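A.B. asks: First residue of the sequence shown? That's 6 in the numbering used here, and the numbers climb one at a time after it. Ideal Cβ placement from N, Cα and C applies to all residues, glycine included. What you are looking at is a predicted structure, and each value in this text was computed from that prediction instead of being measured.
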Amino acid sequence: MVLVKRMMFAAVAVLLMSVAAHAEEGFPFGTEMTLEAVPQPGSKRIPNIEIGDNGEVVLELWCKGGKGQFSVAGNTVIFVPGAIQDRSCPPVKAQADDDLVTALAAVETWKRQGDVLTLIGPKPLRFRTNGN
Numbered sequence: 006m007v008l009v010k011r012m013m014f015a016a017v018a019v020l021l022m023s024v025a026a027h028a029e030e031g032f033p034f035g036t037e038m039t040l041e042a043v044p045q046p047g048s049k050r051i052p053n054i055e056i057g058d059n060g061e062v063v064l065e066l067w068c069k070g071g072k073g074q075f076s077v078a079g080n081t082v083i084f085v086p087g088a089i090q091d092r093s094c095p096p097v098k099a100q101a102d103d104d105l106v107t108a109l110a111a112v113e114t115w116k117r118q119g120d121v122l123t124l125i126g127p128k129p130l131r132f133r134t135n136g137n
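1) What are the partner residues of Thr39, as DSSP defines its beta bridges?
2) Taking the alpha carbon of Gly136 as the reference point, which residue from Ile125, Leu130, Pro129, Val121 has its own alpha carbon closest?
3) Got a sec, what are the start and stop residues for the beta strand (DSSP E) Leu145 sits in?
4) For a quick check, are the C-beta atoms of Thr123 and Pro33 less than 8 Å apart?
5) I need the straight-line Cα distance from Leu105 to Glu30, nearest angstrom please.
6) Contact defined as beta carbons within less than 8 Å: I believe Phe132 pairs with Val112. What is the distance between those atoms, to the nearest angstrom?
7) Per DSSP, which residues does Val82 bridge with? Please list them.
8) Under 8 Å Cβ to Cβ from His27, same chain only, skipping five residues before and after it: list those, please.
9) For the beta strand (DSSP E) that Val63 lies in, which residues bound it at each end?
10) May I ask which residues mark the beginning and end of the alpha helix (DSSP H) holding Lys98?
11) Name the DSSP beta bridge partners of Gly71, please?
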């Protein structure tokens, strides 16, 4: 009887760990993430995205900011940019922001490994979950 209880406990533990691991690998809705990039010269700012529970996105880029929307089905992802605020950006930062929004709009698939989300398209983008 004790052996049966231990086996059942072990099976439940393995099942719970499997579910938790799978949940961690899902698309990171409800998460704030930072682009894996170095700051531009003269700035400490690095682009980040805040992904809402329904895929709504708040973007803080090199200089500009805005909104967008992720739609996810399996490993397919579509990003639709919304209005982007100009904020009187220097030309170099404005171009970097435009290039990043273009790259986000071109993503096709995604994968997640732990706290890293890779958006895969013509230019792969890696974002890391912000720690507390």
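C.D. replies: Straight from the coordinates:
1) Asn53, Arg133
2) Val121
3) Residue numbering for the chain in the displayed model covers 6 to 137; residue 145 lies beyond these limits and cannot be assessed.
4) no
5) 24 Å
6) Going by Cβ atoms, the distance from Phe132 to Val112 rounds to 11 Å, so no, they are not a contact pair.
7) Val77
8) Reliability fails at His27, whose pLDDT of 39 lies under 50, so the model's placement of it is uncertain and the value that follows must be treated cautiously. Counting only Cβ-Cβ distances below 8 Å, and skipping sequence neighbours, we find nothing.
9) 61 to 65
10) 96 to 110
11) Leu64, Ile89
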